[in-house]
Amino acid sequence: MLDIKWIRDNPQALDEALAKRGAEPAAVTLLALDDKRRSVIQKLQEMQSRRNAASKEIGAAMAQKNEELAERLKAEVATIKDSMPAAEQEEREVVSALDDALSRIPNIPLDDVPVGKDEADNVVKHVVGQKPGWNHPAKEHFEIGEQLGYMDFERAAKLSGARFTVLTGPLAKLERAIGQFMLDLHTTEHGYTEVSSPLMVRDEAMYGTGQLPKFAEDLFRTTDGRWLIPTAEVTLTNLVSGETLEQEKLPLRFTALTPSFRSEAGSAGRDTRGMLRQHQFWKCELVSITDADSSIAEHERMTECAETVLKRLGLHFRTVSLCTGDMGFGAQKTYDIEVWLPGQDTYREISSCSVCGDFQARRMNARYRVKDDKALRFVHTLNGSGTAVGRCLIAVMENYLNEDGSISVPDALLPYMGGITRIERAA
């Protein structure tokens with residue numbers, strides 16, 4: 232959520248930033264709501280002030296035995312009291328309308344974010360590694376998995392419908408190994424604290440990280456009104472909601488390996504084969520909570536942590552800076568890490584690392600106390616995938632495919648595979 236005071240001082244800057252995102256101007260509407268809010272609050276304050284003053288005047292009139300004046304003042308106070316509930320309700324309604332409007336405005340891009348319309352305008356930051364040098368034909372992951380006999384989409388559909396996968400045997404073990412490898416790397420080498428958190432959250436948590444109210448259709452909701460998390464970003468970031476932290480304790484770095492649940496409401500017809508776009512998938516999430524001066528450097532650090540996963544696995548990838556039109560709702564700046572998939576002959580996103588500034592903190596009311604002057608400021612939040620486990624499994628399958636259809640296990644995963652070095656066709 233953006234600061235209405237900043238918007239009042241910088242209406243043109245807001246509309247220019249929204250235009251870069253491909254969004255409609257909003258300053259006039261927001262300022263009109265804020266003017267109404269200020270007017271209603273002023274009217275209510277004047278009513279309260281007059282009520283208090285008249286109450287004192289009643290006492291003075293009675294002390295002077297001026298009963299006529301006292302009765303007039305009592306009638307005035309009664310009229311004000313009768314009018315105040317309606318004024319207070321008007322205040323609640325206009326504040327709610329302004330908050331709702333602000334909650335639907337995306338974050339302001341940083342100055343160095345490339346301006347563009349969509350993914351075609353993203354800018355490559357760097358490329359790491361080489362494409363596989365083998366000569367045998369590449370295959371997509373679902374071909375490899377089904378031919379090996381360890382990836383079953385028909386049974387998954389029987390159980391749950393489209394966009395689900397059943398993995399068995401060594402392929403299920405490989406998926407688990409990838410997730411555990413990521414978690415171990417981030418906790419033992421990158422300084423993140425492992426968290427085991429709920430998979431279902433309340434409205435307030437989804438609002439805090441920006442999924443609500445605008446993106447409800449992308450989520451799954453339980454019958455008792457909770458939401459299945461679309462990413463552990465929701466729980467990890469909201470750990471500090473409503474809290475005041477000490478600056479000396481920052482940054483906080485959290486990681487969690489959890490299932491994520493997404494309705495993929497806007498993805499009809501996209502990636503319908505295989506497990507690239509699922510309703511349920513595992514992801515290793517990274518979240519950082521910093522002070523205002525450290526978030527930009529932390530963004531670079533977080534991205535490097537995610538990249539290390541792919542480097543250790545020997546996977547070829549590139550990191551791109553998303554343009555203004557392709558960034559997520561709450562992000563000031565985003566790097567996408569795109570891994571090379573030989574079967575598709577293209578790069579696909581495997582991690583997205585974003586710095587959000589104080590955008591989420593304002594929604595969560597998460598602050599920190601400045602060390603020297605004890606002033607309170609909103610924390611800055613960052614989130615990233617470290618990385619998506621299912622897509623990493625896909626990348627390993629396609630990049631470590633052997634000519635005979637088997638999959639070699641990357642060296643970094645061998646300690647997690649119980650002696651399995653190669654995944655071969657089921658007997």
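According to the working numbering, the sequence shown is numbered sequentially starting from 232.
In this text, a Cβ means the ideal position worked out from N, Cα and C, and glycines have one as well.
In this text, all values refer to a predicted model and were calculated from it rather than measured experimentally.
| task | Less than 8 Å between the CB atoms is what I'm expecting for Ala-213 and Ser-616, so what's the real figure, rounded? | result | One cannot answer for residue 213 here, as it falls past the ends of the chain, which runs 232 to 658.
| Which runs of the alpha helix (DSSP H) fall wholly inside the stretch 490-575 and span at least 4 residues, in chain order? | 526-543
| query | Is Ser-494 near Thr-462, with beta carbons less than 7 Å apart? | reply | no
| field | Status (buried if at least 16 other CB within 10 Å, exposed otherwise) for Pro-340 | value | Pro-340 should be labelled buried.
| Cβ pair Val-518, Phe-485 closer than 7 Å | yes
| query | Can you tell me whether Asp-635 is buried or exposed, with buried defined as 16 or more other CB within 10 angstroms of its CB? | reply | exposed
| request: Give a yes or no on whether the C-beta atoms belonging to Tyr-721 and Asp-522 are separated by under 7 Å. | output: Residue 721 lies beyond the range of the chain shown here (232 to 658); nothing can be said about it.
| His-421 - DSSP class collapsed to helix/strand/coil | coil
| message | Measuring straight from C-alpha to C-alpha, what distance separates Thr-642 and Asn-630? | response | Per the sequence presented here, residue 642 reads as Asp, with Thr not at that position. Using only the alpha carbons, I get a separation of about 13 Å.
| task | List the DSSP bridge partners of Cys-584. | result | Tyr-566 and Gly-615
| query | Counting only runs that start and end within the stretch 420-497, where is the beta strand (DSSP E) found for 3 or more residues in a row? | reply | 475-477 and 483-492
| With 16 other Cβ atoms within 10 Å as the buried cut-off, status of Thr-453 | exposed
| request: Rank Ala-291, Glu-385 and Met-437 by C-alpha distance to the C-alpha of Leu-181 and give the top, closest one. | output: With the chain represented from 232 up to 658, any question about residue 181 goes unanswered, as that position is not in the structure.
| Does Ile-527 have its Cβ less than 7 Å from a Cβ in chain C? | The chain labelled as chain C is not found in the depicted structure, where only one protein chain is given.
| query | Among Thr-577, Asp-603, Ile-460 and Met-315, which has the Cα closest to the Cα of Lys-362? | reply | Ranking Thr-577, Asp-603, Ile-460 and Met-315 by Cα distance to Lys-362 puts Thr-577 first.
| Stretch pair the stretch 549-562 + the stretch 347-365: three plus CB contacts closer than 8 Å | A contact exists between the stretch 549-562 and the stretch 347-365.
| query | Are Gly-556 and Asn-338 close, meaning C-beta to C-beta below 7 Å? | reply | Cβ distance not < 7 Å, so Gly-556 and Asn-338 don't count as in contact.
| Run of the alpha helix (DSSP H) containing Val-326, from where it starts to where it stops | 298-334
| field | Short Cβ contact (7 Å threshold) for Cys-623 with Ile-272 | value | No, these two residues do not count as a Cβ contact at 7 Å.
| query | Using a Cβ-Cβ cut-off of 6 Å (strictly less than) and excluding sequence neighbours within five positions of Ala-436, which residues of its own chain qualify? | reply | Taking C-beta separations shorter than 6 Å and ignoring five residues to either side along the sequence, the partners of Ala-436 in its chain run Val-465 and Asn-469, following chain order.
| message | Going by C-alpha to C-alpha distance, which of Phe-446, Leu-249, Ala-258 and Ser-637 sits closest to Lys-236? | response | Ala-258
| message | Suppose only complete runs of 3+ residues qualify. What are the beta strand (DSSP E) ranges in the stretch 338-366, listed by chain order? | response | 354-359
| message | Going by C-alpha to C-alpha distance, which of Arg-323, His-367, Ala-250 and Leu-333 sits closest to Lys-348? | response | Ala-250
| For Asp-266, does the three-state DSSP call read helix, strand or coil? | The answer is helix: DSSP assigns Asp-266 an H, G or I state.
| task | Note down the Cα distance separating Asn-366 from Ala-626, rounded to an integer number of angstroms. | result | 18 Å
| query | Which residues mark the beginning and the end of the alpha helix (DSSP H) in which Leu-607 is found? | reply | Leu-607 -> not in any alpha helix (DSSP H); beta strand (DSSP E) instead, spanning 607-609.
| said: Can you look up Ile-651 in the DSSP assignment and give me helix, strand or coil? | reply: coil
| DSSP on Met-278, reduced to helix/strand/coil? | helix
| request: In the DSSP assignment, find the alpha helix (DSSP H) that holds Arg-593 and state where it starts and stops. | output: 590-595
| field | Distance CB(Glu-307)-CB(Ala-285) smaller than 7 Å | value | yes
| Counting along the chain, where does the beta strand (DSSP E) carrying Arg-600 start and finish? | In this chain, the beta strand (DSSP E) harbouring Arg-600 covers 598-600.
| query | Below 7 Å between beta carbons: does that hold for Met-648 and Gly-439? | reply | Taking a C-beta distance under 7 Å as the contact criterion, Met-648 and Gly-439 do not qualify as a contact pair.
| Taking the DSSP output, what are the residues bridged to Ile-235? | The partner list for Ile-235 (beta bridge, DSSP) is empty, contrary to what the question assumes.
| field | Per-residue DSSP class, three states only, for Val-397 | value | Correct three-state label for Val-397: strand.
| said: Rounded to whole angstroms, what is the Cα-Cα separation between Glu-474 and Leu-379? | reply: 51 Å
| Cβ of Leu-414 within 7 Å of Cβ of Leu-459? | no
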